[in-house]
Structures are given as structure tokens and as C-alpha cells.
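To start, the structure itself, in C-alpha cells.
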């Protein structure tokens, strides 16, 4: 969003237009809304801002629920924002540690600051982009003097009187048109600066879940978080925010339920065993935290292959940390033979999962020419040096 668009939007007329907009789901909805608003005589900046915000509000429901209907966004800011239920869990850690004043450095649109303020914490929210800071100020306005939103950088923010810090380092461009966590050397603030701060104050640092583990300091708690099957973030906690004797954690959230696995260190894997009656796919947070062995032992399971993150067992046990499948049979891995076998079994709806093999599930689906009323899940993986196709059903 450009500054002119935000200026046009933050007027009584602009906000009334936005609040009156219906949900925008598609490019056709966008075209119709733009045509109608331009026909009514509204300026190009206002039309662009109102339609853009209406579409972002529709997308934001997945992260912010009904609250999205009174918020403003940038596209990249929404992509980067923490889901509100997860932000609330992070905020509770600050509250439970007795920390009253938190600086959110790199606050983006204010998603994490919302969680902090909602639990009664006083927040200083800072963003380096002026437009984004303006949007954060709008989103956090209901909390009044308990939240102070500033335009500035993390490195230059005065932290006197602050009890703890929340950070979301990433590569950022003006207006947050591009925000990425893929290259730590491009991040602002730098990880070196962040980890230096973590030795002075209790800090929570939100990072991409694929961060090189060699970059994680030894004296912090590393918590990988997944939501509804997608691994969404890694949070590093320092000082009193880090739990005693916890260095690895996997927080698995599915709907309204949350489960967490913790350990002092990476868990040793269980030995490889033959394919049993059940196949278990560990949650991504469990894999990233390297706690597969802990889950395997709870399931009386072993590894299907020492290099592949699938577990197998004969025991009919389940866990919130895995998706469990009942094995039907092993089928030929060759696409032609596999297609023939699936047709014989009248499998017309097939979920395809793969690990350790170089295949494109979409391309494989086309080759299989599925037809029939049945449904199943197909695992294409490697066991030792052998490519294997396993037909299974979700438990």
C-alpha cells in the first residue's frame, strides 16, 4: 500500500466505504467493485485502497477471525503476521513470566502486539516502514495508552523501562511489498544483533521454521509451531521466557486443540523396522524439532527408513503428533503398473504423499488416470534403495 492510498483510506468517507464492502473472493469481485466505486465518483487512490483492503480482510479471516473485519493490512504484512490464537499463546508466556512491558520490534501490522495487549501487557510497537506503522497504529488503537506505536528501527529503539522484547526479523522493502525470512544475511535486524539483545533481556524471536539449526544458540529454547498441518514458525525464547530444561519443543495446533512435546535435546530415533499394519506421518513441527523418536516410542513404532520421516507399527495407537494410516498393501511403484492396480481397486480419489523420491504428485496423478468410487492415500517413498508405493487409509 502506498502512502497516498492510506491517507485516502483513513478518512470518514474511506472507512465507511470499506466497512460497507462485501467480501471479495475473486478477481471478478475486484473488477466489479472497482467499476462500481469509480462510477460513483471516488478517486483512484481511494478505490484502490478500499478494494485492496476488502480483499485482504477476506483473506485475513483465516488468521484473525471476526477481528479481521475491523483491521487494515498490507499484503506482505498479512502473509507475515502470526495467527491470532498463536499470538495469544506467545503473549501468555510473557504474562506468565511476570513481564509487564514488552517492545514488539518489527511489529508489522500489529498481530503479535494485539495478542500482548489483549492480555493486559503494555506494548511499544515499532516498525521501520511508515505506512505499516500507520496501519499498526490503526489496528492497535482500541487499546489506547497501553500501546505506543512508533515509526523506527529495532536497533535505534530506546528500551529503558522495557521488561522483554518480541522480534520478527526478516528482509523488508518499503510498504512491506516484499517480506522474506529465507536469507538470514538480509534480515533486519540481523541475527547477530538479535542474539546480542537476547543476552541482555528476555526475548522471543519469530523465525522461519526452516532456519539452519546451526544458527540456533545453545542457551535458548527452540519451539517449532504448526497449525492445522502446516509448520508456520520457529520461536526462540531466551532468559525467563525459556522454560527450564527445555531446549526443543513442538507445538501442534489443530483447530481449537493444542498439544506440545518438549525435550532437553534432540531425541534419538528408533531403529528401522519392516512395514507394519500402520504408517504414521509425523507433524512438521515434530520433524523440525527432531523429536520423532519420542513420538515413535509412544506409538511402539519404528522408522520405515533411517533417512525418511515415516514411522510404522503394528499397534493400533494414535497420537496428536502424527497422522496415522492403516496400511492396505504395497503396490508396484512403476506408474503403469500402479495405474492398473488402482483401476482394479476402483480408486477414483487418491491423496498422494511422497518423501525421499523425486516425483511430482500432480504429474503422477495425471498418469494414473484414476476412476472409480473408492478413495485412499498413496505413499510413494524410498525404503533403503527401493522405491515403494504403499496404499493406505486415514485412521
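In our numbering, the protein residues as written are 336 to 730. Note that CB positions come from ideal geometry on N, CA and C, so glycine has one too. This one's a predicted model, so the numbers in the text were calculated from it and none came from an experiment.
Just confirm the distance between the C-beta atoms of residue i and residue j, as a whole number of angstroms; I'd bet it's less than 8 Å.
{"i": "residue 687", "j": "residue 709", "result": "In fact, because the Cβ distance is near 15 Å, the residues do not count as touching under 8 Å."}
{"i": "residue 447", "j": "residue 422", "result": "5 Å"}
{"i": "residue 538", "j": "residue 561", "result": "So it is not a contact: roughly 22 Å between Cβ atoms."}
{"i": "residue 714", "j": "residue 614", "result": "6 Å"}
{"i": "residue 416", "j": "residue 443", "result": "6 Å"}
{"i": "residue 490", "j": "residue 522", "result": "With 8 Å as the limit, residue 490 and residue 522 do not qualify as a contact, their Cβ atoms being about 12 Å apart."}
{"i": "residue 434", "j": "residue 498", "result": "4 Å"}
{"i": "residue 452", "j": "residue 482", "result": "5 Å"}
{"i": "residue 445", "j": "residue 471", "result": "4 Å"}
{"i": "residue 601", "j": "residue 583", "result": "6 Å"}
{"i": "residue 588", "j": "residue 420", "result": "7 Å"}
Would DSSP call residue i helix, strand or coil?
{"i": "residue 572", "result": "strand"}
{"i": "residue 615", "result": "strand"}
{"i": "residue 530", "result": "helix"}
{"i": "residue 541", "result": "strand"}
{"i": "residue 679", "result": "helix"}
{"i": "residue 408", "result": "coil"}
{"i": "residue 673", "result": "helix"}
{"i": "residue 463", "result": "coil"}
{"i": "residue 706", "result": "coil"}
{"i": "residue 635", "result": "coil"}
{"i": "residue 511", "result": "Confidence at residue 511 is low in this model, with a pLDDT of 48, below 50, so its placement is unreliable and the value that follows should be read with caution. In this structure, residue 511 counts as helix in the three-state DSSP scheme."}
{"i": "residue 597", "result": "strand"}
{"i": "residue 608", "result": "coil"}
{"i": "residue 525", "result": "coil"}
{"i": "residue 726", "result": "strand"}
{"i": "residue 340", "result": "helix"}
{"i": "residue 348", "result": "helix"}
{"i": "residue 417", "result": "coil"}
{"i": "residue 578", "result": "coil"}
{"i": "residue 488", "result": "coil"}
{"i": "residue 716", "result": "strand"}
{"i": "residue 520", "result": "helix"}
{"i": "residue 439", "result": "strand"}
{"i": "residue 473", "result": "helix"}
{"i": "residue 505", "result": "strand"}
For residue i, which residues in the same chain have their Cβ closer than 7 Å to its Cβ, ignoring the five residues on either side in sequence?
{"i": "residue 728", "result": "660, 661, 663, 711 and 712"}
{"i": "residue 605", "result": "628, 631, 632, 636, 637 and 638"}
{"i": "residue 674", "result": "702, 703 and 704"}
{"i": "residue 360", "result": "393"}
{"i": "residue 371", "result": "none"}
{"i": "residue 617", "result": "627, 630, 644, 646, 656 and 657"}
{"i": "residue 552", "result": "530"}
{"i": "residue 509", "result": "Note that residue 509 scores a pLDDT of 47, beneath 50, so its modelled location is shaky; the value from the coordinates is reported in the next line. Hits under 7 Å: 464."}
{"i": "residue 369", "result": "382 and 386"}
{"i": "residue 680", "result": "709"}
Closer than 8 Å to a non-hydrogen atom of the ligand ZN - does that hold for the CB of residue i?
{"i": "residue 571", "result": "Within the structure as shown, the ligand ZN is missing, as the structure has no ligands at all."}
Is it true that the CB of residue j sits closer than 9 Å to the CB of residue i?
{"i": "residue 691", "j": "residue 716", "result": "yes"}
{"i": "residue 406", "j": "residue 385", "result": "no"}
{"i": "residue 612", "j": "residue 648", "result": "yes"}
{"i": "residue 341", "j": "residue 455", "result": "no"}
{"i": "residue 719", "j": "residue 640", "result": "yes"}
{"i": "residue 590", "j": "residue 569", "result": "no"}
{"i": "residue 665", "j": "residue 576", "result": "no"}
{"i": "residue 494", "j": "residue 519", "result": "no"}
{"i": "residue 390", "j": "residue 364", "result": "yes"}
{"i": "residue 297", "j": "residue 398", "result": "The question about residue 297 has no answer here: the residues shown for the chain are numbered 336 through 730."}
{"i": "residue 349", "j": "residue 358", "result": "no"}
{"i": "residue 354", "j": "residue 404", "result": "yes"}
Using C-beta distances below 6 Å, list every residue in its chain close to residue i, excluding the 5 sequence neighbours before and after it, in chain order.
{"i": "residue 571", "result": "540, 555 and 557"}
{"i": "residue 503", "result": "441 and 541"}
{"i": "residue 338", "result": "466"}
{"i": "residue 524", "result": "489, 490 and 504"}
{"i": "residue 651", "result": "none"}
{"i": "residue 526", "result": "519"}
Step through the CB atoms of chain B and report whether any lies within less than 9 Å of the CB of residue i.
{"i": "residue 423", "result": "Considering every chain present, this structure includes no chain B. It has just one protein chain."}
Tell me which residues share the same chain as residue i and place their Cβ nearer than 8 Å to its Cβ, disregarding the 5 neighbours each side in the sequence.
{"i": "residue 670", "result": "699, 702 and 703"}
{"i": "residue 722", "result": "668, 692, 715 and 716"}
{"i": "residue 352", "result": "372, 377, 381 and 385"}
{"i": "residue 492", "result": "438, 440, 459, 461 and 485"}
{"i": "residue 432", "result": "499, 537, 575 and 576"}
Okay, do the stretch 461-481 and the stretch 433-445 touch, 3+ Cβ pairs below 8 Å being the bar? These segments touch.
For the stretch 467-478 against the stretch 419-437, are there 3 or more C-beta pairs whose distance is under 8 Å? Cβ pair count under 8 Å is below three, so no.
Touch test, the stretch 585-603 against the stretch 616-630, Cβ-Cβ under 8 Å, three pairs minimum: Yes, the stretch 585-603 touches the stretch 616-630.
Using 8 Å as the Cβ pair cut-off and three pairs as the minimum, do the stretch 628-636 and the stretch 527-535 touch? The stretch 527-535 and the stretch 628-636 do not touch, with fewer than three beta-carbon pairs separated by less than 8 Å.
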